[in-house]
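Have a look at the structure below, then the notes.
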Amino acid sequence: MKRGLPKFLLLLLCVLFMVSFVGCGSVAKKAMDESVNTANGILEKNAKPFDSNTKVKLEKVIKSCENAKDDDAYKKAKKNIDDAVKAYQDSIKQEKQVTAPTEKFIIERMKTIKTVTKVEAATEKTDENKLLNKKGGYYSYVAMKSSMVEDSYINNESPVEAGNEGGAVVEAFHTDKDAKGRNDYLASFDGKGALSSGSHSVVGTLVIRTSDELTASQQKKLEKNIIASLIELK
Numbered sequence: 617m618k619r620g621l622p623k624f625l626l627l628l629l630c631v632l633f634m635v636s637f638v639g640c641g642s643v644a645k646k647a648m649d650e651s652v653n654t655a656n657g658i659l660e661k662n663a664k665p666f667d668s669n670t671k672v673k674l675e676k677v678i679k680s681c682e683n684a685k686d687d688d689a690y691k692k693a694k695k696n697i698d699d700a701v702k703a704y705q706d707s708i709k710q711e712k713q714v715t716a717p718t719e720k721f722i723i724e725r726m727k728t729i730k731t732v733t734k735v736e737a738a739t740e741k742t743d744e745n746k747l748l749n750k751k752g753g754y755y756s757y758v759a760m761k762s763s764m765v766e767d768s769y770i771n772n773e774s775p776v777e778a779g780n781e782g783g784a785v786v787e788a789f790h791t792d793k794d795a796k797g798r799n800d801y802l803a804s805f806d807g808k809g810a811l812s813s814g815s816h817s818v819v820g821t822l823v824i825r826t827s828d829e830l831t832a833s834q835q836k837k838l839e840k841n842i843i844a845s846l847i848e849l850k
């Protein structure tokens, strides 16, 4: 018995060490698995993100967890999942901000753009397109004048009077289908000189237009600033 005791103790210590090691690894793996389950639950809701790449990345990160084999890998995988989940959820919030936002929200965000000097919303009486609140039309028409437009003809006009020529316009629709329909209509005038409606694109349920008085690079810059102001999370 005395001779076998050291061997027994040695074996016991080895077993305890292995149990301890596996136990620590299990804690890290459990934490990773919990993050995976949370991420899958979020994906199952199938919410639309502003940037579809955030969803694709999250799916890839979840898949990559299968390659984690040790404590360090589990911890790293968990962090990657948590970061990807946040990016995806933030993108979902951004998409909601450009999906049928209030007129007040649009006006407030447009006022934050440095090159925008004046902002005004059209009424049914002042809406020259006669689309405000009509079926398939926009429920809000927010016009803005930009310091980048150098046209003395519109200097004394209000943003709504100047319309898109004064700088830019954000037209808000209840559905993306209506927004796309409006965008297609505007596209029919592209490249037709005086009839050209300037640049235009669909963002959520909004049609963002910029003046034909601007150069192509100025149009892109202003459009980019408008989108950035609309999706900024505060």
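Okay, so the sequence shown: first residue is 617 according to my numbering, each after it adds one.
We treat Cβ as the ideally placed atom computed from N, Cα and C, and that holds for glycine.
Evaluate residue i with the Cβ neighbour count: other Cβ atoms within 10 Å of its Cβ, from every protein chain shown; 16 or more gives buried, anything less gives exposed.
i    : result
G820 : buried
F637 : Note that F637 scores a pLDDT of 48, beneath 50, so its modelled location is shaky; the value from the coordinates is reported in the next line. Classification of F637: exposed, given that the 10 Å Cβ count is below 16.
K750 : exposed
T599 : Beyond the ends of the chain as shown, which are 617 and 850, falls residue 599; an answer cannot be given.
V643 : exposed
D743 : buried
N771 : exposed
L849 : exposed
K836 : exposed
L846 : buried
G783 : buried
E736 : buried
Please report the straight-line C-alpha distance between residue i and residue j, rounded to a whole angstrom.
i    : j    : result
S763 : P775 : 12 Å
Y704 : L674 : 7 Å
E829 : K734 : 17 Å
K796 : V785 : 16 Å
M648 : E682 : 11 Å
T728 : K691 : 41 Å
D698 : K645 : 14 Å
N696 : K676 : 10 Å
M760 : K694 : 45 Å
I842 : Y755 : 19 Å
E719 : L747 : 15 Å
By the DSSP assignment, the beta strand (DSSP E) with residue i in it spans what residues?
i    : result
M760 : S756 to S762
I853 : The chain is shown from 617 up to 850; residue 853 falls before or after that span and cannot be answered.
E781 : Taken as a continuous stretch (DSSP letters only), E781 belongs to no beta strand (DSSP E), as it is neither H nor E.
A737 : V732 to A737
S815 : S815 to V819
What are the boundary residues of the alpha helix (DSSP H) that includes residue i?
i    : result
E839 : A832 to I847
T670 : S668 to S680
Y707 : A small correction: the amino acid at residue 707 is Ser; Tyr does not occupy that position in the sequence shown. D687 to Q713 is the span of the alpha helix (DSSP H), which, as asked, contains S707.
A684 : Where A684 is concerned, there is no enclosing alpha helix (DSSP H), given that its DSSP letter is neither H nor E.
E719 : E719 to M726
K796 : D792 to A803
Apart from the five residues on each side of it in sequence, which residues of its chain come closer than 7 Å, Cβ to Cβ, to residue i?
i    : result
S707 : P665, F666, D667 and T670
D794 : G752
V672 : none
Q710 : F666, I847 and L849
Who are the Cβ neighbours of residue i in its own chain at under 8 Å, not counting the five residues just before and after it?
i    : result
V701 : S651, T654, A655, I658 and L674
Since I believe residue j is in contact with residue i (beta carbons under 8 Å), could you give me their beta-carbon distance rounded to a whole number of angstroms?
i    : j    : result
A778 : I722 : About 17 Å; that fails the 8 Å criterion.
A738 : Y757 : 4 Å
T826 : S815 : 5 Å
E839 : S817 : 7 Å
For residue i, collect the residues of the same chain with a Cβ closer than 6 Å to its Cβ; drop the 5 residues on either side in sequence, then sort them by chain order.
i    : result
V635 : Low local confidence applies: a pLDDT of 46 at V635 is under 50, so the model's placement there is unreliable, and no value is given.
R798 : V823
A663 : I708
D792 : T821
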